[in-house]
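In the numbering used here, the protein residues as written are -8 to 134.
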């Protein structure tokens, strides 16, 4: 067989083969892995933002009740009198209400002009409501 016919035969044989090489398959798998990693990272960010929003909503409601209590009585309630103020940190069975991270809400107030109500379950952030003489503020504190 002459050399040029051998080259033509080998060239045609290469064109007839179908499929992917291992390198091509590895590139595709790496691209898929990167996309999945980015997707999970974005999802976890959205979950954390939702937890913060939920905690802020609860604390805003509680702060409104505490400020109304202050307006009526001239003092914030002590931890034992929270139910009187309309702030319920326990459910009907007496169990602590959980914050969005699975921790509890912590109230610090002795019946004076200030209070702090905060989440305890977050590992990256802490959402807290603070009140001073009838004016409350909700803030997110990074740990």
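For each residue, glycine too, the CB sits at the ideal point set by N, CA and C. Just so you know, these numbers come straight off a predicted model, no measurement behind them.
Could you name the residues of the same chain whose beta carbon sits closer than 7 Å to that of residue i, not counting the 5 residues immediately before and after it, in chain order?
i           : result
residue 53  : 78, 108 and 120
residue 43  : 116, 118 and 131
residue 123 : 104 and 105
residue 82  : 88
residue 76  : 56, 57, 60 and 68
residue 101 : 69
residue 80  : 73, 87, 88, 96 and 98
Tell me the DSSP bridge mates of residue i?
i           : result
residue 120 : 108 and 129
residue 81  : 87
residue 69  : 101
Looking only at its own chain, which residues have a Cβ that is under 6 Å from the Cβ of residue i, when we skip the five neighbours before and after it?
i           : result
residue 61  : 67 and 125
residue 97  : 109 and 111
residue 127 : 54, 58 and 120
Residue i: beta carbon under 7 Å from a heavy atom of the ligand NAD?
i           : result
residue 123 : The ligand NAD is not among the ligands present in this structure, which contains no ligands whatsoever.
Less than 8 Å between the C-beta atoms of residue i and residue j, yes or no?
i          : j           : result
residue 87 : residue 95  : yes
residue 50 : residue 129 : yes
residue 92 : residue 65  : no
residue 46 : residue 90  : yes
Can you list, in chain order, the residues of its chain whose CB lies under 8 Å from that of residue i, leaving out five sequence neighbours each side?
i          : result
residue 30 : none
Item to complete: Any chance you could list the beta strand (DSSP E) runs of at least 3 consecutive residues sitting entirely within the stretch 86 to 112, in chain order?
Response: 96 to 99 and 105 to 110
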